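Counting from 15, one number per residue, gives the positions in the sequence shown under our numbering.
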Amino acid sequence: MSSSIIALLSDLGTRDYFVGAIKGAILSVNPDAKIVDITHEVPKYDVRGAALILAQVVKAFPEGTIFVSIVDPGVGTDRKCVLLKTKNELFFIAPDNGVLTLVAEQLGVAELYEITNRDLMMSEVSPTFHGRDIMAPVAAHLSLGVKPSEVGPELKGIKLLKLPRPKATETELRGHIMSVDDFGNLATNIDASTISKFARIDEDLAVAVASKVLTVKFARTFGEVMLGGYLCYIGSSGMLELAKNMGNLAGELKIKIGDELIIRKILMK
């Protein structure tokens, strides 16, 4: 596994030294490590948001990639640090706070361990920076060929988040806003299969969200609606997204993560 990519995800931002210290800890163990930054701008303490990002991004990485997720509001408490190997040979190092919920559900768990082996950690472990002192060096050792079973004892399971699920009838589809990107586009928890069974491409739909009702076209991409028009589409993550062409829909409607949306058929008179 010496050529493994180590992919970092965190809510640490880039203003402070934290991300640099994490990379330094990795390179101290494996100077040849291939480090990729997924993002360090996860909203602060947003474990659910980090779980969603992980589930969205894994498709872009090759077998053997080691993901390190450092969104850890419980750092220094009795929560565990874990290593999860999926059935398709991806590795995830993270606090056991629910951040691995979606990858575990979608990819399946092949192996799961609590990280306890002090020989794989920094010589001194800060109670407030397990990302640097535990998770980063363990990822580096793993990239050099350390077996997953060497990090610590096997676990039976991990903490799972209770995430909202979409509900569908013949005339109505209910879901929730799961994330908002920098363009103001809204990702939902409605997958491609669910929306494709409910509506057809080019169909106009009524979408109720944030106390507003919008007429929204189910389109393939932005250019299929007029400038400033509303659309819903299957995003690159495979989930239904809502947007305003060349506009910021989240800002316009003051939509928040967790808001419910209701999609209804427009009945022809």
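Glycine included, C-beta positions come from ideal geometry on N, C-alpha and C. Fair warning: this is a prediction, and the values are worked out from it, not measured in the lab.
With contacts defined by Cβ atoms closer than 9 Å, serine 83 and alanine 108 form a contacting pair.
Counting along the chain, the unbroken alpha helix (DSSP H) around glycine 38 starts and ends at 32 to 43. Between histidine 190 and the set Gly145, Leu174, Gly63, the nearest pair of CA atoms involves Gly63. As the crow flies, the alpha-carbon of phenylalanine 232 is around 9 Å from that of tyrosine 244. Taking a contact to require three or more Cβ pairs closer than 8 Å, the region 113 to 124 and the region 194 to 202 do not qualify as touching.
Inter-residue distance for lysine 161 and lysine 58 is about 32 Å (C-alpha atoms, whole angstroms). Nearest C-alpha to lysine 99 among Thr79, Glu125, Met260, Thr91: Glu125. Within the region 195 to 258, the complete beta strand (DSSP E) runs of at least 3 residues fall at 200 to 205, 218 to 223, 226 to 232, 244 to 248, 253 to 258.
Rounded to whole angstroms, the gap between the alpha carbons of threonine 53 and leucine 22 is 7 Å. Considered as a whole, the region 25 to 113 harbours 32 to 43, 61 to 71 as its complete alpha helix (DSSP H) runs of no fewer than 4 residues, in chain order.
Bridge partners of leucine 22 according to DSSP: Asp51, Val82. One thing to note: leucine 187 has its Cβ within 9 Å of the Cβ of isoleucine 277.
Just measuring C-alpha positions, the residue of Leu275, Glu138, Ser251, Ala153 sitting nearest valine 221 is Leu275.
As DSSP reads the structure, arginine 188 sits in a beta bridge with Lys181, Ile276.
Where leucine 126 is concerned, there is no enclosing alpha helix (DSSP H), although the beta strand (DSSP E) around it starts and stops at 123 to 128. With respect to the 9 Å criterion, glutamate 55 and lysine 94 are not classified as neighbours on the basis of their beta carbons. Using a Cβ distance threshold of 9 Å, glycine 145 and serine 42 do not count as a contacting pair.
Leaving aside the five residues that flank alanine 153 on each side, the residues in its chain whose CB is nearer than 7 Å to its CB run, in chain order, Ile20, Ile40, Ile80, Val82, Ile107. Contact annotation, valine 165 with asparagine 131: C-beta distance approximately 5 Å; criterion of less than 8 Å satisfied. In the structure shown, serine 137 falls within a coil segment according to DSSP collapsed to helix, strand and coil.
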